[in-house]
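J.:
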Amino acid sequence: MKNISIIVAVAKNNAIGKDNKLLWHLSEDLKRFKRLTSGNPVIMGKNTYFSLPFRPLPKRLNIVITDVLGEQIDNCEMAYSIEDAILKMDETKENFVMGGASIYRQFMEFANKLYITWVHEDFEADTFFPEIDEKSWIVISKEDFLEPNEKNPYPYSYYVYERRTK
Numbered sequence: 069m070k071n072i073s074i075i076v077a078v079a080k081n082n083a084i085g086k087d088n089k090l091l092w093h094l095s096e097d098l099k100r101f102k103r104l105t106s107g108n109p110v111i112m113g114k115n116t117y118f119s120l121p122f123r124p125l126p127k128r129l130n131i132v133i134t135d136v137l138g139e140q141i142d143n144c145e146m147a148y149s150i151e152d153a154i155l156k157m158d159e160t161k162e163n164f165v166m167g168g169a170s171i172y173r174q175f176m177e178f179a180n181k182l183y184i185t186w187v188h189e190d191f192e193a194d195t196f197f198p199e200i201d202e203k204s205w206i207v208i209s210k211e212d213f214l215e216p217n218e219k220n221p222y223p224y225s226y227y228v229y230e231r232r233t234k
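For the sequence shown, our numbering begins at 69 and goes up steadily by one.
#1: If you compare alpha carbons, which of G113, G168, I74 and L129 is closest to S149?
#2: Where DSSP assigns a beta bridge to V187, which residues make up the other side?
#3: At a cut of 8 Å, does the region 92–100 reach the region 111–126 through at least three beta carbon pairs?
#4: Taking the alpha carbon of G168 as the reference point, which residue from E162, K86, K70 and M69 has its own alpha carbon closest?
#5: Here's a check: name, in chain order, each residue in its chain whose Cβ is nearer than 6 Å to the Cβ of T185, leaving out the five neighbours to either side.
#6: Considering only C-alpha positions, which residue in the set N71, M69, A79 and I75 is nearest to F191?
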C-alpha cells in the first residue's frame with residue numbers, strides 16, 4: 069500500500085484559497101511544508117502547479133494531474149487521473165497531496181495521514197477543504213502557535229491526523 073498524505077493549511081471556515089492564491093502567508097508553515105515534503109513526491113492539480121511562485125518544487129518529484137490527455141509540463145511527471153497519479157507514486161516514500169480543492173476531495177479516501185495547519189481566522193474564499201469525518205481520523209499530534217508575529221500574522225496550529233483502522 070502506498071503511503072499517501074494530504075498537506076494543507078485551512079482556515080476556521082475551511083477556506084484554503086481565493087482566485088487560485090493562498091489566503092495568508094505564514095513563514096513557519098512554509099518552512100514546515102518544505103521540511104516535510106523535500107525528498108518526497110508532491111501531487112497536485114495543474115492549477116495549483118501554475119499558482120506556485122517557483123516551479124517545479126525543487127528536491128521533489130512533482131506529479132501534476134491534468135485531464136488533458138497527452139499534456140506535458142517540463143520537469144514534471146504527468147498523471148491523467150487520480151488512479152494514474154497513485155500508480156506513479158513512490159512505494160518507498162511519503163507521497164504528499166498538496167491541492168487544490170478537487171484533488172484533496174478525490175484523495176481523501178486514499179490518504180492515510182493528514183498534515184493540517186489550522187489557521188484560527190475566517191477568510192473570504194472561493195476554495196474550501198472538505199469536511200473531515202472525525203470517525204475516520206484520530207489526531208496523533210498537535211502543536212499550537214497562538215501568538216501572531218511579524219512573519220506569522222495569524223494564530224495557527226499544526227495537527228497531524230492518522231486514519232483509524234477499521
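Glycine included, every Cβ here is placed at the ideal spot set by N, Cα and C. A quick note: this is a predicted structure, and the numbers were derived from the prediction, not measured.
T.: On the basis of the coordinates in this document:
#1: G113
#2: A79 and Y224
#3: no
#4: K86
#5: A77, D97, Y224 and Y226
#6: A79
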